[in-house]
Amino acid sequence: MNKIDLINDVINKTGLTKKDVGNALNCILDTISSELTKGNNIKINNIGTFDVKVRSERQGRNPQTGENISIPEQNYPTFKPSKVLKRVVNGVSVIDIIKENHKLNDEEVDRQHKTRPFR
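Below is the structure:
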């Protein structure tokens, strides 16, 4: 799935306009990028954490000349998925996770899902 596919999927699920969804997604991505640039991490519950790590300076080799070169220290973004996301990717339903976390029965889960479907 690419960015256009993601936008179209959100349009189909919400009924919002393409312009609104595109603007919202761009705003989210810009915010994530700017916070990572500042060295901050971003935690999105049930999804995961975006963070910045530092790769220290090291010695490398120019493959064309064989000359040793110094590769400077660099920051790089990382993403660590949450336990919930890992379980969902491995086939556990979100409803089952909600039941486990809140010790709810089927009727309570249905009632909560109807009143707060996007939670």
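Note that the working numbering gives residue 1469 to position 14 of the sequence shown, counting from 1, and the numbers run on in steps of one.
Don't be surprised by glycine CBs; every beta carbon is placed ideally from N, CA and C.
Check T1492 in the structure and name its three-state DSSP category.
Looking up residue 1492 in the sequence shown gives position 37. Helix at T1492.
State the DSSP-derived secondary structure class of M1456, mapped to helix, strand or coil.
As a first step, residue 1456 is located in the sequence shown; it is residue number 1 there, counting from the start. Correct three-state label for M1456: coil.
CA-CA distance, L1484 and P1527?
Stepping through the sequence shown from its first residue, residue 1484 is reached at position 29. Stepping through the sequence shown from its first residue, residue 1527 is reached at position 72. Put simply, the backbone Cα of L1484 is about 27 Å away from that of P1527.
Apart from the five residues just before and just after R1516, which ones in its own chain have a Cβ nearer than 8 Å to its Cβ?
Here the question's residue 1516 lines up with position 61 in the sequence shown. So the list reads E1522, N1523 and I1524, once near-sequence residues are dropped.
Would you identify the three-state DSSP class for R1574, choosing helix, strand or coil?
In the sequence shown, residue 1574 corresponds to position 119, counting from 1. No answer about R1574 holds up, because its pLDDT of 45 lies below 50 and its placement is not dependable.
Here's the rule I'm using: 16 or more other beta-carbon atoms within 10 Å means buried, otherwise exposed. How should I1462 be labelled?
For the purposes of this step, residue 1462 is taken as residue 7 along the sequence shown, with counting starting at 1. Note on I1462: 16 or more other CB atoms within 10 angstroms of its CB, so buried under the neighbour-count rule.
Proximity to S1488 [Cα-Cα], best of N1556, K1474 and V1507:
In the sequence shown, residue 1488 corresponds to position 33, counting from 1. The candidate whose alpha carbon is nearest that of S1488 is V1507.
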